[in-house]
Amino acid sequence: MGFFDAPALNHHEQVVFGHDEETGLKAIIAIHNTSLGPALGGCRVWNYDNEDAAIRDVLRLSEGMTYKSALAGLNLGGGKSVIIGRVSEIGNEAAFRAFGRLVDSLGGRYVAAEDVNTTPQMMEWVHEETDNVAGLSPELGGSGDPSPFTAYGTFVGIKAAANKAYGSDSLEGKVIAVQGLGHVGIYLVEHLSKAGAKVIVTDIKEDRIKDMLKYKNVSAVAPDEIYDVEMDVFAPCALGSSVNDETIDRLKCQVIAGAANNVLSDYDKHGKILLDRGVLYAPDYAINAGGVINVYGELEGYNEKRSYARVNHIYNILQEIFQLSQDEKIPTMDAADRLAEERIRKIGRLKQMRRSGKRIFTKI
Ligand code: NAD
81 MGFFDAPALN
91 HHEQVVFGHD
101 EETGLKAIIA
111 IHNTSLGPAL
121 GGCRVWNYDN
131 EDAAIRDVLR
141 LSEGMTYKSA
151 LAGLNLGGGK
161 SVIIGRVSEI
171 GNEAAFRAFG
181 RLVDSLGGRY
191 VAAEDVNTTP
201 QMMEWVHEET
211 DNVAGLSPEL
221 GGSGDPSPFT
231 AYGTFVGIKA
241 AANKAYGSDS
251 LEGKVIAVQG
261 LGHVGIYLVE
271 HLSKAGAKVI
281 VTDIKEDRIK
291 DMLKYKNVSA
301 VAPDEIYDVE
311 MDVFAPCALG
321 SSVNDETIDR
331 LKCQVIAGAA
341 NNVLSDYDKH
351 GKILLDRGVL
361 YAPDYAINAG
371 GVINVYGELE
381 GYNEKRSYAR
391 VNHIYNILQE
401 IFQLSQDEKI
411 PTMDAADRLA
421 EERIRKIGRL
431 KQMRRSGKRI
441 FTKI
């Protein structure tokens with residue numbers, strides 16, 4: 081099968097391969113859709129087994145960004161980039177400036193940001209060659225670490241889910257199990273504790289657990305025990321696929337709402353099981369959009385207050401998703417996809433009309 085017929089290409093507008101012999105840079109930029117705006121997405125450094133794996137990954141991730149930004153109400157399209165190799169070999173100024181030139185050659189259609197294995201320093205090197213980069217450090221006028229915003233959005237999303245499941249968004253006395261105390265988890269635990277929830281935490285790193293016990297109403301269990309505790313809400317904030325064939329029957333909660341990406345190991349199968357059981361699942365890309373919402377602010381002049389205000393909107397988006405899921409009896413992931421696609425269609429069409437100079441409204 082040729083490249084253009086590959087199913088993974090799924091409506092991508094553009095895929096660019098960049099190679100710099102001097103630095104050894106091998107990069108792929110995938111632009112999935114720019115109907116709503118420039119394709120913003122992280123740049124990931126990964127030592128892929130082969131080039132096919134890198135291509136598959138970048139295509140999958142960039143499509144995901146189209147949906148995430150559209151649903152979050154941002155004027156952004158979806159894109160992503162991968163740099164093939166180890167950070168120890170490729171994580172240097174020369175390679176990242178070569179990557180910056182590749183980004184610049186796209187004239188703003190793609191905007192790079194941090195992702196797995198990339199750092200604010202690397203983005204600053206990219207910035208030496210192009211303005212089309214976001215997620216810079218605050219010293220450079222950027223928005224810094226997105227994790228507190230992701231955590232706040234997740235907190236707001238848990239409240240929206242509680243409102244649907246329990247008829248009130250107060251988390252007072254609710255038992256919430258947080259799996260993973262990394263960049264996002266630590267801020268989430270703080271919000272939940274302040275809101276009066278009983279928080280049960282776990283992590284594979286002991287010291288991270290100890291740090292969290294300073295907050296009110298926080299207790300801890302071993303990593304594998306988290307699935308079996310009596311809880312109202314399960315908040316996965318570690319790696320993906322924590323809801324899988326082995327764990328789904330153990331979870332006794334009414335809500336699953338956390339920041340981790342790809343929470344359900346099989347979206348169709350597990351999404352349907354949760355729907356049938358009446359367990360409310362907050363789609364990952366809806367509830368964890370706080371980070372991209374914050375980074376987006378850089379494109380229009382960064383303002384922290386405005387970012388937090390926008391992140392609050394995750395509450396309403398989830399309410400819409402839950403309502404559509406209930407009305408149509410479809411898994412919440414499918415409802416989220418539908419709402420994202422609808423926005424791309426409606427707003428994307430308006431933007432195109434504006435671009436081509438057609439008038440949308442007439443006086444008579
Ligand atoms: P992180 O790497 O800083 O933290 C992950 C934590 O999970 C670590 O403390 C790790 O020890 C722990 N962990 C790993 N496996 C575990 C297990 N089996 N049981 C318990 N704990 C385990 O990552 P992060 O930035 O906090 O992100 C957390 C999740 O949220 C990831 O899935 C990430 O893709 C997603 N996410 C993060 C952001 C962001 O702004 N950081 C944005 C969107 C989505």
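Here the sequence shown stands for residues 81 to 444, numbered as in this note's numbering.
For glycine and all other residues, C-beta sits at the position ideal for the given N, C-alpha and C.
How far does the beta strand (DSSP E) with residue i in it reach, from first residue to last?
| i | result |
| --- | --- |
| His-350 | Where His-350 is concerned, there is no enclosing beta strand (DSSP E), although the alpha helix (DSSP H) it sits in stretches over 347 to 357. |
| His-99 | 94 to 100 |
| Lys-278 | 278 to 282 |
| Val-191 | 190 to 194 |
| Ser-161 | 157 to 164 |
| Asn-341 | No beta strand (DSSP E) holds Asn-341; DSSP gives it neither H nor E. |
| Lys-109 | Checking the sequence, you will find Ile at residue 109 rather than Lys. Its beta strand (DSSP E) spans residues 105 to 113. |
Candidates the options: which alpha carbon is nearest residue i's?
| i | options | result |
| --- | --- | --- |
| Glu-208 | Glu-286, Ala-174, Asp-414, Ile-397 | Ala-174 |
| Pro-200 | Glu-169, Ala-214, Thr-114 | Ala-214 |
| Ile-328 | Glu-286, Asn-172, Leu-354, Arg-124 | Leu-354 |
| Leu-186 | His-393, Ile-109, Glu-384, Asp-348 | Ile-109 |
| Val-96 | Val-162, Phe-229, Ile-394 | Val-162 |
| Phe-229 | Gln-399, Lys-385, Gly-351 | Lys-385 |
| Val-191 | Thr-234, Gly-171, Glu-131, Pro-118 | Pro-118 |
| Lys-290 | Val-269, Ala-275, Lys-274 | Val-269 |
| Phe-314 | Val-279, Asp-85, Arg-288, Ala-366 | Val-279 |
| Ser-273 | Ala-241, Asn-297, Arg-418 | Asn-297 |
| Leu-89 | Pro-411, Asp-132, Asp-287, Met-202 | Asp-132 |
| Val-343 | Ala-366, Leu-331, Thr-412, Leu-319 | Leu-319 |
| Leu-220 | Glu-204, Tyr-376, Gly-188 | Glu-204 |
| Asp-287 | Glu-252, Leu-261, Ala-275 | Leu-261 |
| Leu-430 | Asp-407, Tyr-147, Leu-116 | Leu-116 |
| Arg-140 | Gly-153, Ser-223, His-92 | His-92 |
| Val-196 | Gly-428, Gly-171, Gly-180 | Gly-171 |
| His-99 | Gly-82, Ile-111, Tyr-147, Arg-181 | Arg-181 |
| Asp-325 | Asp-304, Ala-241, Lys-349, Ala-302 | Lys-349 |
| Glu-378 | Glu-252, Ser-299, Ala-193 | Ala-193 |
Considering only their Cβ atoms, is the gap separating residue j from residue i smaller than 7 angstroms?
| i | j | result |
| --- | --- | --- |
| Gly-104 | Gly-159 | no |
| Val-309 | Met-292 | no |
| Pro-218 | Gly-371 | no |
| Ala-360 | Lys-244 | Just to set this straight, residue 360 is Leu in the shown sequence, not Ala. Going by C-beta atoms, Leu-360 is nearer than 7 angstroms to Lys-244. |
| Thr-210 | Asp-184 | yes |
| Gly-265 | Cys-317 | yes |
| Ala-277 | Ile-256 | yes |
| Gly-144 | Asn-113 | no |
| Ala-362 | Ala-337 | yes |
| Gly-233 | Val-335 | no |
| Arg-425 | Ala-150 | no |
| Leu-398 | Ala-415 | no |
| Tyr-395 | Val-236 | yes |
| Asn-127 | Arg-166 | yes |
| Ser-223 | Tyr-365 | no |
| Tyr-212 | Gly-188 | A small correction: the amino acid at residue 212 is Asn; Tyr does not occupy that position in the sequence shown. In contact: Asn-212 and Gly-188 (Cβ atoms closer than 7 angstroms). |
Under a three-way DSSP split, which group does residue i fall into?
| i | result |
| --- | --- |
| Tyr-361 | strand |
| Lys-385 | helix |
| Ile-135 | helix |
| Arg-124 | strand |
| Lys-445 | In this structure the chain extends from 81 to 444, so residue 445 is not present and cannot be described. |
| Glu-422 | helix |
| Ser-321 | coil |
| Gln-334 | coil |
| Lys-148 | helix |
| Pro-316 | strand |
| Lys-254 | coil |
| Ala-366 | helix |
| Ala-214 | coil |
| Ala-416 | helix |
| Ala-88 | helix |
Within the continuous alpha helix (DSSP H) that includes residue i, where are the two ends?
| i | result |
| --- | --- |
| Lys-294 | Here Lys-294 belongs to no alpha helix (DSSP H), and DSSP marks it neither H nor E. |
| Lys-274 | 265 to 274 |
| Leu-398 | 394 to 408 |
| Thr-230 | 227 to 246 |
| Asn-374 | 370 to 376 |
| Tyr-307 | Premise fails: Tyr-307 is in no alpha helix (DSSP H) and is neither H nor E. |
| Gln-201 | 200 to 207 |
| Ala-175 | 173 to 184 |
| Glu-38 | Because the chain spans 81 through 444 in this model, residue 38 falls outside it and cannot be assessed. |
Taking 7 angstroms as the CB-CB limit, is residue i close to chain D?
| i | result |
| --- | --- |
| Ser-322 | Although the question refers to chain D, the structure presented lacks it and comprises just one protein chain. |
Is residue i near the ligand GTP - that is, is its Cβ less than 6 angstroms away from at least one heavy atom of it?
| i | result |
| --- | --- |
| Val-269 | Looking at this structure, you won't find the ligand GTP anywhere; what it does contain is the ligand NAD. |
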